[in-house]
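S.K.: When you read off a place in the sequence shown, starting at 1, and then add 34, the result is the number in my numbering.
Backbone N, C-alpha and C fix where the C-beta goes; we use that ideal spot for every residue, glycine too.
Following this message is one structure expressed as structure tokens.
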Amino acid sequence: MALSALATESPEALALFFLLRKKERALGFDVVWGSVSFQMTVSLSIGLFLSPWHLLKVHLLLGGVLLLALLASFLYAKSRQSARGIS
35 MALSALATES PEALALFFLL RKKERALGFD VVWGSVSFQM TVSLSIGLFL SPWHLLKVHL
95 LLGGVLLLAL LASFLYAKSR QSARGIS
């Protein structure tokens with residue numbers, strides 16, 4: 035298990051090391067966080083795709099609440115962005 039973690043994170047750690055030596059901290063952390071989010075998304079997506087689905091009414095209700103919250107967050111962010119004059 036330790037070797038698999040080392041093998042999957044070594045390229046990102048090496049890239050971060052070189053970018054930090056070039057004093058490009060923001061780009062280095064973008065690489066690390068991008069790889070971490072990609073690895074988490076892919077593994078979870080495969081698990082969800084291969085799992086059996088048994089949707090109940092409560093699941094549909096909670097999914098609708100989540101979509102409404104996401105829509106409200108998006109509209110709020112867009113309104114703040116336009117208020118600042120950022121396009």
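(1) Do Glu46 and Val76 count as a contact pair if the criterion is CB distance below 7 Å?
(2) Which of the three DSSP states is assigned to His93 in this structure?
(3) Hey, would you say Gly62 sits closer than 7 Å to Leu48, going by beta carbons?
(4) If you follow the alpha helix (DSSP H) that Trp87 is part of, which residue opens it and which one closes it?
M.R.: From the atom records:
(1) no
(2) helix
(3) no
(4) Unbroken run through Trp87: none, as it is neither H nor E.
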